[in-house]
Amino acid sequence: MAVTWRILRRTCLAVATALIVAACATPPTDPAARAAFDEANDPLEPMNRHVFEFNRVLDGLLFKNVAEFYRIVVPEAIRTSIRHVMTNLNEPVVFINNVLQAKVERGGTTAGRFLVNSTAGVAGIFDVATRVGLKEQTGDFGQTLYSWGVENGGPYLVLPILGPTNPRDGIGRGVDSYIDPWRYVSRDVGISHFMWTRFVVDGIDKRVRAGPELDEIEKSSIDFYASLRSLFRQNRAKELDNITPETIAPDQDLYRDPNAPQ
């Protein structure tokens, strides 16, 4: 049985490796084209484009329609309150990463936000913390790895459903999920679907907010895939570089051009 499992595992690894190699784009020989290829840092572009199109089809068939239904049925004030709750639930992960990054002031602000919004804000329904000057911070494990010296996140990667990332930030997502205290609290109290429900609600809310920008980018882009790749890179670079409380936008939008006029 053990031998069979090893053979199966090696076979799967070989097939996966073959698929990745087949999906790699061939570097161009022209110097200018090669420079653009290296700057894009997207050696898996053929595979990424297939995943991107899969996500677009799934979005058109499901996510966009669900988000539009949510926008129409749920009043904006309630959607805002739900967004505040989602943000408050994420504060422990932000705090842990602030501490891992040795950002004491940011960690204190995040802890203060969680305490204020969980009490005076009624479990985060109201963002009282921002009103009293405790600005929302950012903190994820991909950012933590960056602060530890892993500055190169690796090649651009498009994941099914989850969208654009890179290997460093993809690993960071997994670690953030693992260290999230609510994962263990919900399991201990028997709420088995809490994390999935939270993930879905947060995703729907983000799709509602990103809708107008996505539509505009798609209409104005010659290459929608390349445009989103560029915007993702710019936004992530800004988020990684601007890690002081004063320079981080509390409601940063993945699909908003960071260089666009405010």
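The sequence shown begins at -3 in the numbering used here and counts up by one.
Backbone N, C-alpha and C fix where the C-beta goes; we use that ideal spot for every residue, glycine too.
Item to complete: Count the C-beta pairs between the stretch 76 to 92 and the stretch 159 to 178 that are closer than 8 Å, then say yes if the count reaches three, no if not.
Response: yes
Worksheet item: Cα separation between S217 and R225?
Response: 12 Å
Worksheet entry | Complete runs of the beta strand (DSSP E) confined to the stretch 148 to 180 [at least 3 residues] | 153 to 155, 159 to 161
Item to complete: Could you tell me the boundaries of the alpha helix (DSSP H) in which V100 lies?
Response: 100 to 115
Item to complete: Compute the distance between the beta-carbons of L155 and N162, then report whether it is under 7 Å.
Response: no
Item to complete: Would you please verify whether the beta carbon of R127 is less than 7 Å from any beta carbon of chain C?
Response: The structure shown contains no chain C, having only a single protein chain.
Worksheet item: Which residue's Cα is closest to the Cα of Y66: V196, K215, A222, E147?
Response: V196
Worksheet item: Hey, how far is the Cα of K131 from the Cα of I68?
Response: 30 Å
Worksheet item: Excluding five sequence neighbours on each side, which residues of the same chain lie with their C-beta closer than 8 Å to the C-beta of V124?
Response: V112, N113, A116, G117
Worksheet entry | Limits of the alpha helix (DSSP H) - the one that H46 falls within | 41 to 54
Worksheet item: Hey, quick one: how far does the alpha helix (DSSP H) through G189 stretch, first residue to last?
Response: Here the sequence assigns His to residue 189, which means Gly is not the residue at that position. Where H189 is concerned, there is no enclosing alpha helix (DSSP H), given that its DSSP letter is neither H nor E.
Fill in: Inter-residue spacing [alpha-carbon to alpha-carbon] between M43 and F50
11 Å
Practice prompt. Please classify W144: is it buried, with 16 or more other beta-carbons within 10 angstroms of its beta-carbon, or exposed?
Written response: exposed
Discussion item. Can you give me the C-alpha to C-alpha distance between Y142 and D136, rounded to a whole angstrom?
Written reply: 10 Å
Fill in: Inter-residue Cα distance where the pair is D219 and I213
10 Å
Worksheet item: To the nearest angstrom, how far is it from the Cα of R232 to the Cα of Q133?
Response: 15 Å
Worksheet item: Hey, F110 and N84 are a contact pair by Cβ (cut 8 Å); roughly how many whole angstroms apart?
Response: 6 Å
Item to complete: For L158, count neighbouring C-beta atoms within 10 Å of its own C-beta (all shown protein chains included) and say buried if the count is 16 or more, exposed if not.
Response: exposed
Item to complete: Evaluate A63 with the Cβ neighbour count: other Cβ atoms within 10 Å of its Cβ, from every protein chain shown; 16 or more gives buried, anything less gives exposed.
Response: buried
Item to complete: Kindly list the residues whose CB is nearer than 8 Å to the CB of P151, restricted to its own chain and excluding five residues on each side of it in sequence; keep chain order.
Response: N37, D38, P39, L40, N162, P163
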